[in-house]
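What follows is a single structure, written as structure tokens, with notes after it.
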Amino acid sequence: MIRRPKPGEDEEDILRMQEEFLKDKNTLPSVQVVNLRKTEQQTAKRPSPSTSTRKPSKYAQSKGLTNAGKRPRTDTSSGSIVGEIVEKNVSESQTKPEQDDDQVYYPKIIPSVLGSIVEKNCDDFVNLDFKPMPPTGFPLVTKRDPKLKCTEKSLTAIQNTKTNVQESMDIDPLCSKFNMENSKPINVPLKSYIISNNDATVIHSENVKVLKEMSEDEILKEQQKLLSSLDPKLVNFIKSKRRPTKEHESATTEVKQEEKMDIESSFERDSLWENDVLSHPQVNKWVNFEKLEKDKLEWMKGIDENKKADPDHPYEARFDFTGYLLPYSMEYTDKTKTLFHHGEEPHRPGYTLMELFELSRSTIIQQRVTALNTIAGILEYHSTGIYKDIIDIPLSKMFFIIRIAMDENKLIILEPALKAMRNLLFNRIDEACLDALIGFEEGNYQPCLENDKSEIEEMESTESELKDFHLAEIDLIAAVLRSDIIQRLYYILENVRPSFNCVQYSIQILIRLARDSIETSNKIIESDHLMKSIVTNFIPNTSINFTFDPNIIYNGKPILAALKLVRILSLQSREIGEILISKYGLLKPISEYINSGVDGTYGLRLQIEAYNIASNLLNYGLGVENTQSLYPLIVNTLYKHVQGTDVFFGSSVLSATHAAVVLQYVNIFLKCNMLNDDNYKHQIYLLLKDGVKKWLMQAAHFDNYTCGHLRLLCSALDCCKTIKINEKITLKFLNDTLKVLSESKGFQIIIDNLNSSSNLLSDIMEKDFNISKNLVSLGGSIIDSTQKVLPVLGISSPIPLLVSLFQLLNVVNDEDIGKLYLKKVLNYLDKFSKKNPNLNNNWFTRMEIELMFNIIKLAIQSNVTESCKDLIYSVASKLCYILRVDKKIELEYLFHHIIFNKQWFTAERLLNLVSITKDDGLSKALTTVEDIRICYSKVVNTMQLNKGGNIILKQWQEPVLPRDWIYLPILSLYSKSQEIRTTPEVVGDHANKLKEQQAIEKELIIRCCLEWILFNEICFPDLLDDIDVTDRFCRIMCVYLSDNSLFLDDKINLLLKKCVQIIFKKSNKFNFDKQLMGLNNFQDLYTQFLEQFQSVSYGDSIFAACVLVPLAQRHNVKWRKLLWSEYAGCLRALDCPESYLCYELNDYLYPEETDESLIKSYFRALSSNLLRPGTIAYKIAQHHVNNFKKK
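In structure tokens form, the structure reads like this:
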């Protein structure tokens, strides 16, 4: 075996291998040269049988061509032009057939033109199946049918085809006997198929004799006469009688008989007649078909289109080349035939994921490209949610397949690989939804799409190293970053310099990475080579007044995706903004784009992104000098939009968006009080006045509208709000215009779409979204809905406009105008108060929550009627747990102005409160509502409400308060009591005073919390209906677990009694086997509850009543076993008045207990003096034991 060079070997190693090869004399050359005019000195030898190791092929074995001796040749030394003619007679007995090999023999150039001419006599007869020569010696003349018309074939070919068909019709099987005396072939059967009596043979012989005397033309003429005179049905009947039999086959020649019988028997054995190829009538004449090899013909089988899927068994998914999921079977047509292949299921179209994975690693480039394009299509369909609840796409496995393909530098492979990676990471629907908010105030905020790292941290603490695949299963972006994709993308953009599509895909991947977290954005911004390459090649300092063409790539023209990447990076933090300005000189190209005149669509989109980047930087106080230099241009641009841009349905949405971002930019430097020049300020104020009046009046006359047009109006209203806050003046024109708008038909059309555009009022649930555990998405699309997108993002959604409008109304602070607009949204508020809100934690619901808060805020400022107070209070109460974690200021506002404000308690509610306080001296226990508010505010302030940056919101999915927030003080005290103390206890006077202060504070918190719970249970039971009764009861149980003696306080004990009795009224809804909200499970809680009762209960009746709740016969027997066996020490103190019980006493006695182990525990407790006679526990045990004894 010749050793081949390996990686790492140098030139000396190759030369040494060459020497070894030349020294080896036993090495056979791959090609041998044969000289046709050999001399005695010139010989060319072929490998002898002794030295050749080549195994003869199956064809050679069947023909007897084994490795034989050399081919006999005749040498000549003649130099004549024509070599000497030598007769060569070689008999088969003397010389074996020549060895069949694959070697190629190249003759040398010799003087003679021809080699030796050798006559070869062969005694074997070879039937070449020639047609007999006509008697005339020339082909017969035929007349062409004048009816024939020329088609794709020539007239001659059509005529010949027709003649051949006629000749081949109804011809009997050939007789195998060949008449050597007569050149005319005999084509007659051996017997009669029509007659079967004794005279059949004689009649058949006479017919054959007559046929032999006739020529072929005469036979055909007579045949046509007979066929024309007979009934076609009779002809068909005669044909059915004339079928070949084994007797007829035996009459063929011996060679053909054996071959044909072998093949037919093979067909019968192997059942392959469904093959089109094998059903050919001439198959027995084909070369090498005398032996049937079934396994080699499997792929040629016909497709079984009748196979149907078994509904009880799943089947493997198959996809077409676009990535679309195919049905189990489909019709085989010219369009679909490319989807059928020779896989494990040839009857099914398409390719499975495993087949695509295999093809993606193929050595054939076209197969790899096809596989990667298909994978990219599958991921695109998956990201839209089409495959939701249909098939689980293994994203982690696909990532590794795609990432390996990305390391190829061939553009034909690189483009589909980058496209697949883009479709995996970059959710185009989510990005389109975020971009749709550009121009609205909410569009200035962006979500952080970082996955939860707690599971990774836990696994890293237990394992030495987290494997790549495990990491991808938990957090796909973390796995992507670990694969050094940032460095790879730099190499692609800078060195490979691919096509426009590849650059687009690469930047979109970076955009998704930048959205992951500030840390990931820092990794991108710290990659100097990557950022310099992007800024140099795709954000050049040039004019943007050009028409888009994919060929602009690497030609000194800006790319829209690169500007979007910079916009996302500039949102992350002030530090990143400073790096973009100082290190990469971003302000120069951005200023150039803003200054550049644009006409086309692409230029406008570039300028919109440039304004957004400048706004983001200005929001951090960066680029102030650059902004001041742009004042004249901004005034001019604003003037053009006021004059020429409309918000009507038929106007340009892109132009309205451009005007909106310009106004946003103006709004930001108005907020920063940067407009020190009175001249520019006066011009901008006048332009805003004209623009707001114009656009509000256009909105008042709407017949139809789109949300895209309303962004211009939103930005204008935001500017008015900023001017009113800064200047503290009344804008009379604005008040007048707002009054006209409130009563207009256009505004009514806008309000009519409010309910249908609400996320909170929709029936969409979290389960309707296409969510991947290892890749965070925003849920912008719902594939099962009719609109396919969230209601708040619908084309006619008025919510973004109403947010800006109600924010402005709160600043205008005109009570009359406020009441006009509040009337318009009362129906919306009423529906909200009666429904459990959905999609609370969706990013795009933030706009609607902001709208809801501003409506409540406007209602607080306006003197609403007594009938509206209940509605407003109910909405505000729900809003407390809908607000997101970054809305803490709004929560404090609600607490102070409405939730804990007695002015918002109607007379009926206050009457209920008074009737409670007079009962059982409860008035001594109830404190003022203000104290309760302070208590809850303190608890909320102690919560960790970590906000993200100024613009990027990290914890946007978390609410500021949980749904059961009225129990939050109790749960916080319970959590503290469960913490394990790791520091030594401090002693001394100061420590004692601190403990006393903490005890007083704890008592105040529990008392205030119980009072507020009791108030809500009686006055607002409808607001607590969506909190499970079992969860509410468990939270009351936590009061006993948070302190060892606090429940014995008279005030708290009375409050506990009232709260427990109210909850006991809904005891039929108790379910202690379900998962508790906010707690681990009931078993742990109840075990801890029994331990606490056994330790510090002091026979408290309310405590005992709570212990007895799970012991009713309707609940699981395991709770009774837990008390009567493991915690039997509680039994002696377990007693309370029957009126305190959650259920009737009979509910603890019936149905009778059947569990024998529990009966034994009852008997053991009675016999061991663990029970006091007359107690509830004693009655229960005695009843069940006595009934068991009676059985």
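Quick note, the sequence shown lines up with residues 2 to 1192 if you use my numbering.
Glycine included, each C-beta is placed from N, C-alpha and C at the ideal position.
Between the region 484-503 and the region 409-419 there are three or more C-beta pairs closer than 8 Å, enough to call the two in contact.
Note that the C-beta distance between I15 and P8 is not below 8 Å. With contacts defined as CB atoms closer than 8 Å, I577 and S522 qualify as a contacting pair. Of the residues assessed, R1036 falls on the buried side of the cut-off, its CB having 16 or more other CB atoms within 10 angstroms.
Within the same chain, Cβ atoms closer than 6 Å to the Cβ of I1181 are found at Y1149, the five residues on either side in sequence being excluded. Burial state of R349 is buried, judged by a 10 Å Cβ sphere holding 16 or more other Cβ atoms.
For the pair W1125 and A1178, the Cα-to-Cα distance works out to about 10 Å. Looking from the CA of I752, the closest CA among L802, K1122, Y632 and A479 belongs to L802. Only residues of its own chain outside the window of five on either side were considered, and among them Y882 have a CB closer than 6 Å to the CB of R964, listed in chain order. At least 8 Å separates the beta-carbon of E849 from that of N756. For D1032, the enclosing alpha helix (DSSP H) begins and ends at V1030 to S1043. Nearest Cα to Y632 within the set K682, V1097, S652 and H659: K682. Remark: C-beta atoms of N374 and P315 do not approach each other more closely than 8 Å.
If you draw a straight line from the Cα of I580 to the Cα of M422, it comes to about 28 Å. About 17 Å separates the CB atoms of A480 and N424; that is not less than 8 Å, and the two are not in contact. When C-beta atoms of the region 1125-1145 are compared with those of the region 1096-1107, three or more pairs fall below 8 Å, so the two segments count as touching. Each of S241, F322, L396 and D390 was checked against the Cα of R369, and the nearest Cα belongs to F322. As computed with DSSP, R885 is found in a beta bridge with P960. The straight-line gap separating the alpha-carbon atoms of D1050 and P1022 is approximately 27 Å.
For H348, there is no enclosing alpha helix (DSSP H), as DSSP gives it neither H nor E. The C-alpha of A908 lies about 13 Å from the C-alpha of N902. By the C-beta criterion, the region 538-545 is judged to be in contact with the region 553-560, since at least 3 inter-stretch pairs fall below 8 Å. Rounded to whole angstroms, the gap between the alpha carbons of G1079 and Q1062 is 23 Å. By the neighbour-count criterion, in which 16 or more other beta carbons inside 10 Å mark a residue as buried, Y975 falls on the buried side.
The beta carbon of A877 sits closer than 7 Å to those of I857, L895, I899 and I900, all from its chain and outside the five residues before and after it, given in chain order. Going by beta carbons, Y329 and Y382 fall outside the 8 Å limit. For I487, the closest alpha carbon among the candidates M532, S773, L1091 and D1026 is that of M532.
Annotated three-state conformation of V777 is coil, per DSSP. Cβ-Cβ distances below 6 Å link S616 to Q665, Y666 and I669 in the same chain, with the five nearest sequence neighbours on each side left out; the list follows chain order. At a cut-off of 4 residues, the continuous stretches assigned as alpha helix (DSSP H) that sit fully inside the region 628-697 are 632-645 and 654-672. With fewer than 16 neighbouring CB atoms inside 10 Å of its own CB, K210 falls in the exposed class. At a cut-off of 4 residues, the continuous stretches assigned as alpha helix (DSSP H) that sit fully inside the region 480-507 are 486-492.
The residues G601, in chain order, have a CB closer than 6 Å to that of T548 in the same chain once the five nearest residues on each side in sequence are set aside.
Residue burial is scored here from C-beta neighbours: H702 has fewer than 16 other C-beta atoms within 10 angstroms and is therefore classed as exposed. Counting other Cβ atoms within 10 Å of its Cβ, H991 stays below 16 and is therefore classed as exposed. If you draw a straight line from the Cα of I204 to the Cα of P233, it is about 24 Å long.
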